[in-house]
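Please read the structure below before turning to the comments.
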Amino acid sequence: MNQWDMNNDIERVLYSEQDIAEAAERVGKQLAADYEGRTPIILSVLKGAVLWTVDVMRHMQYAEVEFIDVSSYNGGIASSGEVDLVTDLQTDIAGRDVIIMEDIVDTGRSLKFMIDLLMERGAKSVKTASLLDKKEGRVVEATVDYIGFDVPKAFVVGYGLDYKQLYRNLPYVGVLKREVYDPAHADVVDTVDITPEH
Ligand code: 5GP
Ligand code: MG
Ligand code: MG
1 MNQWDMNNDI ERVLYSEQDI AEAAERVGKQ LAADYEGRTP IILSVLKGAV
51 LWTVDVMRHM QYAEVEFIDV SSYNGGIASS GEVDLVTDLQ TDIAGRDVII
101 MEDIVDTGRS LKFMIDLLME RGAKSVKTAS LLDKKEGRVV EATVDYIGFD
151 VPKAFVVGYG LDYKQLYRNL PYVGVLKREV YDPAHADVVD TVDITPEH
């Protein structure tokens with residue numbers, strides 16, 4: 001067994017590369033139909049939604065792409081659920097149809113923050129297409145209009161989603177082995193060190 005292999009850190013695969021390709025095609029074709037005759041702005045949320053964005057947009061027609069980065073502090077000591085704008089988008093969205101592309105919507109705080117921001121700036125419409133919807137985690141009201149998969153309340157990585165900035169380049173979405181994030185439960189001595197900070 002090759003130790004330098006991210007696949008060994010995964011407990012089980014939830015959505016395969018093929019499952020995801022099918023979901024991207026389904027959502028992309030639906031968006032193409034729903035936005036026919038319009039040129040929406042696809043707003044991809046860094047960094048997790050990048051893979052999903054490029055796979056979905058291949059199935060769409062005329063559209064612009066922009067990026068935004070927000071950070072949320074969930075589960076910290078201050079459970080205020082504060083969300084910060086880290087990198088703003090570079091275009092005026094007043095009067096435009098915006099499609100937010102997310103990797104996962106959990107508490108809904110990041111999504112609500114972005115929807116409010118875009119509406120404040122005069123967007124004509126704002127819809128959301130998320131690879132994963134973790135509905136059980138919802139704390140604030142935030143609706144996902146286009147969903148790849150409804151995901152159970154587990155910590156998942158892959159296809160854009162990270163643990164300490166790693167695993168984003170796995171082609172599938174899976175559940176991380178406990179020993180990876182909880183070394184106390186590591187029963188193998190030679191686990192790969194994945195401790196670089198973000
Ligand atoms: P929110 O709680 O604001 O809806 O979600 C904010 C962010 O939490 C997501 O964009 C994502 O970065 C992170 N997140 C929530 N659930 C998961 C998960 O299961 N795996 C990973 N890797 N990140 C998650
Ligand atoms: Mg995200
Ligand atoms: Mg993350």
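Numbered according to full-length UniProt numbering, the sequence shown spans residues 1 to 198.
Every residue gets a Cβ at the ideal spot worked out from N, C-alpha and C, and that includes glycine.
Status (buried if at least 16 other CB within 10 Å, exposed otherwise) for residue i
| i | result |
| --- | --- |
| residue 85 | exposed |
| residue 113 | buried |
| residue 134 | buried |
| residue 23 | buried |
| residue 102 | buried |
Check: residue i C-beta below 7 angstroms from any heavy atom of ligand 3
| i | result |
| --- | --- |
| residue 48 | yes |
| residue 116 | no |
| residue 162 | yes |
Option nearest residue i by Cα separation, candidates the options
| i | options | result |
| --- | --- | --- |
| residue 7 | 113, 174, 182 and 181 | 174 |
| residue 90 | 55, 43 and 97 | 43 |
| residue 157 | 30, 48, 3 and 23 | 48 |
| residue 130 | 116, 117 and 159 | 159 |
| residue 164 | 154, 11, 176 and 82 | 176 |
| residue 144 | 123, 30, 119 and 100 | 100 |
Residue i Cβ short of 7 angstroms to ligand 2 heavy atom set
| i | result |
| --- | --- |
| residue 175 | no |
| residue 234 | Given that the chain is displayed from residue 1 to residue 198, the structure contains no residue 234 and the question cannot be resolved. |
Per-residue DSSP class, three states only, for residue i
| i | result |
| --- | --- |
| residue 153 | coil |
| residue 177 | coil |
| residue 12 | strand |
| residue 140 | coil |
Distance cut-off 7 angstroms: residue i Cβ against heavy atoms of ligand 1
| i | result |
| --- | --- |
| residue 207 | Since the first residue of the chain shown is 1 and the last is 198, residue 207 is not available in this structure. |
Interface flag, residue i vs chain D, CB-CB below 8 angstroms
| i | result |
| --- | --- |
| residue 62 | Protein chains in the displayed structure number just one, and chain D is not present. |
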